[in-house]
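Student: In case it helps, the working numbering puts the sequence shown at residues 538 to 955. Note that beta-carbon positions come from the ideal geometry of N, C-alpha and C, so glycine has one too. Handing you a structure now.
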Amino acid sequence: MDLSIISLLFLLGCIVLGFVLKRNIGLLAIAVALILGRLGHIEDSVIISGFNSNLFLILLGVSYLFTIAVNNRTLELLARKTITLAGNRVNIIPLVLVVLGTIISMAGPGTIPALALCAMLSTTLAKELDIDPLPFTVCSFMGAAAGGMSPIAPTGIIALEIAARQGYSGFGIPYMLTMMAAAFIFGAVYYFAAGIFKLKSENMHAVLKQVEPLNRNQWITVAGIGAMMIMVIFLKVNVGLASFLIAGILNLIGVCDERRIFANISWSTLIMVCGVGVLMNVIITLGGINQLSAALASLMNTYTAPPLMCFGAGIMGWFSSTSGVVIPTLIPTVPGIITHLPDVTPLSLISALSVGSQMAGISPGSTGGALALASYVTLFKPNIEQKNRYFIRLFLTSIFAVLFVSALGFADFYNWIY
């Protein structure tokens, strides 16, 4: 069998083993990269070159800064204060959650940290208001997903970095806006289809009284995050380096507990993203991505390419990480697909696959859905039947979301801003 095909089978094996055995796919990927490297007579230096140190430093810096903001409860209290904007109108809370999730996610933390905060917040509110938590959770997810492709958020950074390696750059803002538009459109449909606009509760006054003021350290953290954003947006400083600078200052002046911060940084995510990059570099060298591109192109035409790419990414996203698996696997296929379908714009495919995978993230088999399920189990203490029912509802919502954003591709949605 051709080594290019074997390399793709090894990638599939990594993803399946990681999901079934609950192991870090990045660690498996590095091990598999060595095996494939030996089979393909690839030098160790070439294998190691697949580890993207630039991306690693960016992700670590951003994670460092926002782990401080999570651990000293800055983000939590800001979120709770934002909820008070809804006043006594329960049906407005989901809209506030969408905006809140978007702002937190796009400001730097990204989809998963924003959802980790908003999922617990929204589920807590649902319990205190004595209503079904799913509508609040879905709206929180749509907000977190909408902002997740920001050029300074981890998933956006990863996608733009990988796209730049394929020769596509300078589209960060339209890329983010496309993700936002897709999430907001689906969110609006869900808001009315699920009857959220009719929500009411007798417990709203008690919930509003529980918001405490920010303390000194939290105000300093807010100022630090603002300074980081100014450095990145106006001074064009690398977001990772800017985050390291601000986090270092916060650490020195005692705003955080360094040991707790390092213990709570998501090292497994960093390893997963960069580890998969090592394997993908070997697969590209062996011609595996060219094979995958040709296979995908054979199923597509100019009209169906974006929706099929979106749907395929969504299927992958139901069971794997957008930033760690789907984006590193599918973005490198875009140049090959464009070779076969020259009338398709590469940026439409990159946006389509990113949106499909991101919207699939509320599946319980993915990190976002798993966080939502964990929040529900922690706060509502359901029995097995109730837990299974919530699992199914999350997964069905994810399926509906993927089908919806895939259908948008037939309306040329993924070309609207390019």
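1. State the CB to CB distance for the pair THR806 and LEU787, rounded to an integer number of angstroms; the pair is presumed to be in contact (CB under 8 Å).
2. Using only CA atoms, which one of GLY825, ARG797, ILE584 lies nearest to LEU602?
3. What's the call for MET538, buried or exposed, on a 16-neighbour Cβ count within 10 Å?
4. How do the stretch 715-733 and the stretch 939-948 stand: do at least 3 beta-carbon pairs fall below 8 Å, yes or no?
5. What's the C-alpha gap between ALA850 and ASN801?
6. HIS935: which of GLU749, LEU671, PHE947 sits nearest, CA to CA?
7. Might you give, ordered along the chain, the residues of its own chain that have their beta carbon closer than 7 Å to the beta carbon of VAL675, omitting 5 neighbours on each side?
8. Please state whether DSSP places PRO879 in a helix, a strand or coil.
9. With C-beta atoms as the reference, is SER903 less than 8 Å away from SER857?
10. Can you tell me where the alpha helix (DSSP H) holding ASN801 begins and where it ends?
11. Determine the closest residue to ASN625 out of ASN838, LYS737, VAL792, with distance taken between C-alpha atoms.
12. Cα-Cα, which of ALA690, ILE699, ALA730 is closest to MET713?
13. Can you grab the Cα-Cα spacing for the pair LEU666 / THR660, in whole Å?
14. Have a look at LEU884 and CYS655 and give me their C-alpha separation to the nearest angstrom.
15. Straight-line CA distance for LYS618 to VAL748?
16. Might you give, ordered along the chain, the residues of its own chain that have their beta carbon closer than 7 Å to the beta carbon of GLY1028, omitting 5 neighbours on each side?
17. If you reduce the DSSP assignment to three classes, tell me which class TYR840 lands in.
18. Tell me whether the stretch 828-841 and the stretch 870-883 touch, counting them as touching only if at least three CB pairs, one residue from each stretch, are closer than 8 Å.
19. Would you please verify whether the beta carbon of VAL726 is less than 8 Å from any beta carbon of chain B?
20. Thinking ILE954 and PRO711 are a contact (beta carbons under 8 Å), I'd like their distance in whole angstroms, please.
21. To the nearest whole angstrom, what separates the beta carbons of GLY854 and GLY893, a pair I think is in contact under 8 Å?
22. Could you check where the alpha helix (DSSP H) with LYS956 kicks off and where it finishes?
23. With a 10 Å radius around its C-beta and 16 neighbouring C-beta atoms as the bar for buried, classify PHE947 as buried or exposed.
24. Give the straight-line distance between the Cα atoms of ILE579 and PRO919, rounded to the nearest whole angstrom.
Tutor: Judging by the given coordinates:
1. For the purposes of this step, residue 806 is taken as the residue at position 269 of the sequence shown. For the purposes of this step, residue 787 is taken as the residue at position 250 of the sequence shown. So it is not a contact: roughly 21 Å between Cβ atoms.
2. Numbered from 1 along the sequence shown, position 65 holds the residue referred to as residue 602. Checked all of GLY825, ARG797, ILE584; the closest Cα to LEU602 is ARG797.
3. For the purposes of this step, residue 538 is identified with residue 1 of the sequence shown, where counting begins at 1. So MET538 counts as exposed.
4. yes
5. Along the sequence shown, read from residue 1 onward, the residue named residue 850 stands at position 313. Along the sequence shown, read from residue 1 onward, the residue named residue 801 stands at position 264. Here the alpha carbons of ASN801 and ALA850 stand approximately 29 Å from one another.
6. As a first step, residue 935 must be located in the sequence shown, where it is residue number 398. It is Ser, not His, that sits at residue 935 in the sequence shown. When only C-alpha atoms are compared, the closest one is LEU671.
7. The residue given as residue 675 occupies position 138 in the sequence shown. The answer, listed in chain order, is TYR727, ILE899, THR934.
8. Position 342 of the sequence shown holds residue 879. In the structure shown, PRO879 sits in coil (DSSP, three-state: anything other than H, G, I, E or B).
9. Position 366 of the sequence shown holds residue 903. Position 320 of the sequence shown holds residue 857. Result yes, Cβ atoms of SER903 and SER857 sit closer than 8 Å.
10. For the purposes of this step, residue 801 is taken as the residue at position 264 of the sequence shown. Run containing ASN801: 795-801, per the alpha helix (DSSP H) assignment.
11. As a position in the sequence shown, residue 625 is number 88, starting the count at 1. That would be LYS737, whose Cα lies nearest to the Cα of ASN625.
12. By one-based count along the sequence shown, residue 713 stands at place 176. Per the Cα distances, ALA690.
13. Residue numbering aside, residue 666 sits at position 129 when the sequence shown is read from its first letter. Residue numbering aside, residue 660 sits at position 123 when the sequence shown is read from its first letter. Distance between the alpha carbons of LEU666 and THR660 is about 10 Å.
14. Within the sequence shown, numbered from 1, the residue matching residue 884 stands at position 347. Within the sequence shown, numbered from 1, the residue matching residue 655 stands at position 118. So the alpha carbons of these two residues sit roughly 30 Å apart.
15. Locating residue 618 in the sequence shown gives position 81, counting from the first residue. Locating residue 748 in the sequence shown gives position 211, counting from the first residue. LYS618 and VAL748: Cα-Cα distance of roughly 6 Å.
16. Summary: the structure shown does not reach residue 1028, with the chain confined to residues 538 through 955, and so no result is reported for it.
17. Against the sequence shown, residue 840 aligns to sequence position 303. Correct three-state label for TYR840: coil.
18. yes
19. No chain B is part of this structure, which consists of one protein chain only.
20. Counting from 1 along the sequence shown, the entry for residue 954 is found at position 417. Counting from 1 along the sequence shown, the entry for residue 711 is found at position 174. So it is a contact: roughly 4 Å between Cβ atoms.
21. Locating residue 854 in the sequence shown gives position 317, where the first residue counts as 1. Locating residue 893 in the sequence shown gives position 356, where the first residue counts as 1. Their Cβ separation, rounded to whole angstroms, is 7 Å, which keeps GLY854 and GLY893 in contact under 8 Å.
22. Past the edges of the chain, shown from 538 to 955, lies residue 956, and the structure says nothing about it.
23. Along the sequence shown, read from residue 1 onward, the residue named residue 947 stands at position 410. PHE947 counts as exposed, since fewer than 16 other beta carbons sit within 10 angstroms of its beta carbon.
24. Taking the sequence shown and counting its residues from 1, the one referred to as residue 579 is at position 42. Taking the sequence shown and counting its residues from 1, the one referred to as residue 919 is at position 382. Approximately 52 Å between the Cα atoms of the pair.
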